[in-house]
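**Q**
Number of protein chains: 2
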Amino acid sequence: MEEHRKETRLSLVKSTPFSQLRPETWDALEVMCRVKSYRANQTVVHAQERSYFIGCVLSGVLRMEKTLADGRAQIVGLLVQGDFFGRVFDGIAEFSIEAATDTEICAFPRAEFEALLTQSPDLEPAVLLNAANELDRAREWLIILSNQKIVGRIAGFLLLMCSRFRGIDHILQPRPEGVEVKIPISRGDLAHLLGTRPESISRSLHSLSDRGVIDILEPDRILIRDMKALALAADEDEIEAIAILQKLLKNHRTEP
Amino acid sequence: MEEHRKETRLSLVKSTPFSQLRPETWDALEVMCRVKSYRANQTVVHAQERSYFIGCVLSGVLRMEKTLADGRAQIVGLLVQGDFFGRVFDGIAEFSIEAATDTEICAFPRAEFEALLTQSPDLEPAVLLNAANELDRAREWLIILSNQKIVGRIAGFLLLMCSRFRGIDHILQPRPEGVEVKIPISRGDLAHLLGTRPESISRSLHSLSDRGVIDILEPDRILIRDMKALALAADEDEIEAIAILQKLLKNHRTEP
DNA sequence: GGGCGGCATTGACATGTATCAATGACCCTC
DNA sequence: GAGGGTCATTGATACATGTCAATGCCGCCC
Numbered sequence: 001m002e003e004h005r006k007e008t009r010l011s012l013v014k015s016t017p018f019s020q021l022r023p024e025t026w027d028a029l030e031v032m033c034r035v036k037s038y039r040a041n042q043t044v045v046h047a048q049e050r051s052y053f054i055g056c057v058l059s060g061v062l063r064m065e066k067t068l069a070d071g072r073a074q075i076v077g078l079l080v081q082g083d084f085f086g087r088v089f090d091g092i093a094e095f096s097i098e099a100a101t102d103t104e105i106c107a108f109p110r111a112e113f114e115a116l117l118t119q120s121p122d123l124e125p126a127v128l129l130n131a132a133n134e135l136d137r138a139r140e141w142l143i144i145l146s147n148q149k150i151v152g153r154i155a156g157f158l159l160l161m162c163s164r165f166r167g168i169d170h171i172l173q174p175r176p177e178g179v180e181v182k183i184p185i186s187r188g189d190l191a192h193l194l195g196t197r198p199e200s201i202s203r204s205l206h207s208l209s210d211r212g213v214i215d216i217l218e219p220d221r222i223l224i225r226d227m228k229a230l231a232l233a234a235d236e237d238e239i240e241a242i243a244i245l246q247k248l249l250k251n252h253r254t255e256p
Numbered sequence: 001m002e003e004h005r006k007e008t009r010l011s012l013v014k015s016t017p018f019s020q021l022r023p024e025t026w027d028a029l030e031v032m033c034r035v036k037s038y039r040a041n042q043t044v045v046h047a048q049e050r051s052y053f054i055g056c057v058l059s060g061v062l063r064m065e066k067t068l069a070d071g072r073a074q075i076v077g078l079l080v081q082g083d084f085f086g087r088v089f090d091g092i093a094e095f096s097i098e099a100a101t102d103t104e105i106c107a108f109p110r111a112e113f114e115a116l117l118t119q120s121p122d123l124e125p126a127v128l129l130n131a132a133n134e135l136d137r138a139r140e141w142l143i144i145l146s147n148q149k150i151v152g153r154i155a156g157f158l159l160l161m162c163s164r165f166r167g168i169d170h171i172l173q174p175r176p177e178g179v180e181v182k183i184p185i186s187r188g189d190l191a192h193l194l195g196t197r198p199e200s201i202s203r204s205l206h207s208l209s210d211r212g213v214i215d216i217l218e219p220d221r222i223l224i225r226d227m228k229a230l231a232l233a234a235d236e237d238e239i240e241a242i243a244i245l246q247k248l249l250k251n252h253r254t255e256p
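Those protein sequences? They're chains X and B, same order as listed. Residue 1 is where the first sequence starts when you use the UniProt record's numbering, and the numbers rise one by one after that. Residue 1 is where the second sequence starts when you use the UniProt record's numbering, and the numbers rise one by one after that.
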């Protein structure tokens with residue numbers, strides 16, 4: 001049990017936004033938190049319900065969802081190791097949170113968390129910064145989703161994974177040929193997340209693979225070979241122009 | 001000058017998220033803030049630059065943008081009366097902010113704002129709640145953008161305007177026939193915001209108009225006649241089914 | 001007043017993507 | 001090992017949307 005607490009603290013320390021916490025506050029946190037486990041597809045927080053804890057992800061991946069009027073759910077974000085969730089000073093969650101994979105979270109009783117917050121002024125900037133970062137991340141998603149073409153969205157998604165999940169080894173692994181990304185959700189969920197359909201995801205992914213930008217090792221393991229080309233694909237379909245140009249050159253070579 | 005301060009306070013009090021502030025803090029705010037004016041398309045905050053103030057919108061509309069690698073700008077959100085912007089305890093903005101229309105903002109020097117924050121503990125929940133609300137709003141945008149069909153995105157956009165800009169009379173006006181929404185940005189910007197092109201915006205808007213869901217009084221003045229149908233269009237294209245059904249019935253009537 | 005430029009709209013066309021249907025791979029259970 | 005389920009993939013087709021081009025409207029400046 002003592003071992004588990006230490007592990008918990010370790011995971012917390014690793015999370016960037018809260019890394020500015022002072023040692024004495026860590027001790028307090030260590031006493032407060034409880035580790036909870038969830039299985040894939042289990043619901044952690046129901047939308048519109050009062051939640052009595054603030055959570056921090058220790059392992060696994062969670063998805064935030066909004067349930068639409070017709071019953072379908074729209075994914076609005078993913079949570080990974082080190083991410084906090086739950087509304088401080090308000091208990092009502094706007095979005096429900098479900099485990100995408102088997103998950104361990106660290107739960108802080110909300111009342112105690114808030115009390116700690118008001119008591120220690122040095123904690124406040126950290127929490128606010130955390131909120132601001134979360135906001136920026138949500139806006140990153142916005143940019144990806146505003147991409148007209150699906151290939152662009154997928155490229156943006158992969159790049160976002162790289163930038164956000166850096167250092168989380170069960171998701172991102174550097175290799176000599178490139179970077180391997182583990183997609184923590186199914187094609188269907190990914191399609192949903194990017195505002196499209198599984199079929200389109202499949203096609204776009206294979207299109208990128210055909211161009212040599214990525215390798216599909218397994219359906220959920222993507223190897224990024226050419227990060228620059230991927231960035232081009234995300235920002236614009238400038239890559240298309242390059243591909244067409246290359247094809248033209250090739251035809252020119254083979255023709256005579 | 002004294003008059004202007006009173007007006008400023010009035011506008012601030014009207015803003016929902018900060019409405020929980022105590023009177024004594026208002027006095028402090030009132031002393032601190034400076035009113036600044038911007039003309040349409042003027043830049044208020046440059047991305048990646050250190051900003052020395054926290055802003056609150058008094059009048060007009062601002063757009064938050066991310067400048068992409070290729071020079072184009074992607075709009076990630078709109079700011080209206082009562083919205084705060086600027087990162088507390090950090091100064092570096094991730095996104096640039098530009099005036100979409102002529103704008104008046106209230107600027108708090110960042111250092112003083114932060115000092116005030118640490119001094120008065122009752123302010124903290126308000127600021128955190130504000131951040132959380134902002135986050136939820138960003139995720140609302142996400143849901144709208146994840147809509148596959150453009151009509152759905154526009155419907156979602158109009159509904160978001162209704163829910164967010166309630167009470168801001170120069171944007172939203174209740175009328176006997178419905179609710180009039182003033183679109184504060186050009187078709188091009190709107191298209192950009194919704195991840196599409198001006199032509200598609202135009203077509204979708206007129207499609208909704210043909211169905212009687214909305215009226216286009218002027219290009220930038222939309223009258224929502226049937227809020228329920230709009231919600232259906234946003235959530236799903238169930239409205240399509242209705243339209244097809246109605247057309248079938250009409251054909252059936254005219255045929256014999 | 002006339003010319004100019006920006007904006008919204010419309011049409012025709014090409015392209016991308018959703019949709020439907022079918023297949024194969026994998027995992028789980030029996 | 002057989003059978004049923006889910007998931008990824010692929011193909012064919014219809015539809016929505018991007019793209020290009022042309023028009024008309026309006027405000028601005030000379």
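By construction, the Cβ of each residue, glycine as well, lies at the ideal position given by its N, Cα and C atoms. As the structure is a prediction and not an experimental result, all values here were calculated from the model.
Using a cut-off of 7 Å between C-beta atoms, extract the partners of B/Asp169 located in chain X.
**A** Chain X residues near B/Asp169: none, gap ~27 Å exceeds 7 Å.
**Q** By the criterion of Cβ-Cβ separation under 7 Å, what are the contact partners of X/Arg87 in chain B?
**A** Ala132
**Q** Using a Cβ-Cβ cut-off of 8 Å (strictly less than) and excluding sequence neighbours within five positions of X/Leu79, which residues of its own chain qualify?
**A** Excluding residues within five positions, the ones whose Cβ falls inside 8 Å are Val57, Val61, Leu62, Arg63, Met64, Phe85 and Ile97.
**Q** Establish whether the CB of B/Arg153 and some CB of chain X are separated by less than 7 Å.
**A** no
**Q** Given this structure, state the Cα-to-Cα distance separating B/Asn130 from X/Arg175, to the nearest angstrom.
**A** 42 Å
**Q** Mind checking whether X/Asn147 and X/Arg139 have CB atoms under 7 Å apart?
**A** no
**Q** Counting only beta-carbon atoms, is X/Pro219 nearer than 7 Å to chain B?
**A** no
**Q** Counting only Cβ-Cβ distances shorter than 9 Å, please list the residues of the UniProt domain "HTH crp-type" (148-228) of chain B near chain X, keeping chain order.
**A** Gln148, His192, Leu193, Leu194, Gly195, Thr196 and Arg197
**Q** Here's the rule: buried if 16 or more other CB atoms are within 10 angstroms of the residue's CB, otherwise exposed. What is B/Leu68?
**A** exposed
**Q** Are the C-beta of X/Leu145 and some C-beta of chain B separated by less than 7 Å?
**A** yes
**Q** In its own chain, which residues sit with a C-beta less than 8 Å from the C-beta of X/Val179, not counting the 5 before and 5 after it?
**A** Within the same chain, Cβ atoms closer than 8 Å to the Cβ of X/Val179 are found at Cys162, Leu172, Gln173, Leu223, Ile224 and Met227, the five residues on either side in sequence being excluded.
**Q** How far does the beta strand (DSSP E) with X/Pro109 in it reach, from first residue to last?
**A** Thr103 to Pro109
**Q** Which residue's Cα is closest to the Cα of B/Ser209: B/Gly82, B/Ala155 and B/Thr101?
**A** B/Ala155
**Q** Give the residues of chain X in contact with B/Pro109, contact being defined as C-beta atoms less than 9 Å apart.
**A** Within chain X, no residue comes near B/Pro109; the closest Cβ sits about 17 Å away, beyond 9 Å.
**Q** Is any beta-carbon of chain B found at less than 7 Å from that of X/Ala138?
**A** yes
**Q** If you draw a straight line from the alpha carbon of X/Ile150 to that of X/Leu205, how long is it in whole angstroms?
**A** 9 Å
**Q** In or out: X/Thr16 buried (at least 16 other Cβ within 10 Å) or exposed?
**A** Low confidence applies to X/Thr16: its pLDDT is 40, below 50, so where it sits in the model is not reliable enough to give any reading.
**Q** So with CB distances below 9 Å, who are the chain X contacts of B/Leu128?
**A** Arg87, Val88, Phe89, Asp90, Leu117, Glu124, Val127, Leu128 and Ala131
**Q** Around the C-beta of B/Leu217, are 16 or more other C-beta atoms found within 10 angstroms, so that it is buried, or is it exposed?
**A** Looking at its Cβ environment, which holds fewer than 16 other Cβ atoms inside 10 Å, B/Leu217 is exposed.
**Q** Only counting runs of 3 or more residues, tell me where the beta strand (DSSP E) segments fall wholly within the UniProt domain "HTH crp-type" (148-228) of chain X, in order along the chain.
**A** The qualifying runs are 172-175, 178-182, 214-218 and 221-224.
**Q** Rounded to the nearest angstrom, what separates X/Phe113 and X/Gln119 at their Cα positions?
**A** 10 Å
**Q** Looking at chain X, which residues of the stretch 95-106 of chain B have a Cβ within less than 8 Å of any of its Cβ atoms?
**A** Phe95
**Q** Considering just the uninterrupted stretch of the alpha helix (DSSP H) at B/Leu129, what are its terminal residues?
**A** Leu123 to Leu145
**Q** Distance check for B/Tyr52 and X/Ser51, CA to CA, integer angstroms please.
**A** 36 Å
**Q** Just the chain B side, please: which residues come within less than 8 Å of X/Leu135 by C-beta, in chain order?
**A** Ala131, Glu134, Leu135 and Ala138
**Q** What are the boundary residues of the beta strand (DSSP E) that B/Arg63 is part of?
**A** Leu62 to Thr67
**Q** For B/Gly188, is the classification buried or exposed, using 16 other Cβ atoms within 10 angstroms of its Cβ as the cut-off for buried?
**A** exposed
**Q** For the candidate residues B/Ile92, B/Ile75 and B/Gln74, whose alpha-carbon lies nearest to that of B/Glu49?
**A** That would be B/Ile92, whose Cα lies nearest to the Cα of B/Glu49.
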